[in-house]
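In terms of the working numbering, the sequence shown opens at residue 1096 and continues consecutively. All residues carry an ideal CB built from backbone N, CA and C; glycine is no exception. Only one structure is covered here, and it is reproduced in the block below.
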Amino acid sequence: MRERPSNPIVLYDGVCGLCNRAVQFLLKRDRHDRLRF
1096 MRERPSNPIV LYDGVCGLCN RAVQFLLKRD RHDRLRF
């Protein structure tokens, strides 16, 4: 059985306004610094 990655990687389009807002939303809520971009 595969283990879940401890630090998920979030791929996004740096030009897209919606993507940038979503990343800002995630960064504010990632209190344990688990997400990678």
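Contact under 8 Å by Cβ, N1102 with R1126: As a first step, residue 1102 is located in the sequence shown; it is residue number 7 there, counting from the start. As a first step, residue 1126 is located in the sequence shown; it is residue number 31 there, counting from the start. For N1102 and R1126, no; Cβs fall outside 8 Å.
Counterpart residues of R1131 in DSSP-defined beta bridges: Taking the sequence shown and counting its residues from 1, one reaches residue 1131 at position 36. In DSSP, R1131 forms a bridge with I1104.
DSSP-derived helix/strand/coil call for V1110: Working through the sequence shown from its first residue, we reach residue 1110 at position 15. The answer is coil: DSSP assigns V1110 none of H, G, I, E or B.
L1113 versus Y1107: straight-line alpha-carbon distance, rounded: In the sequence shown, counting from the first residue as 1, residue 1113 sits at position 18. In the sequence shown, counting from the first residue as 1, residue 1107 sits at position 12. Rounded to whole angstroms, L1113 to Y1107 spans 10 Å at the Cα level.
Pairwise C-alpha distance: A1117 and R1129: Here residue 1129 refers to the residue found at position 34 when the sequence shown is read from its first residue. Here residue 1117 refers to the residue found at position 22 when the sequence shown is read from its first residue. Each residue's Cα considered, the two are about 16 Å apart.
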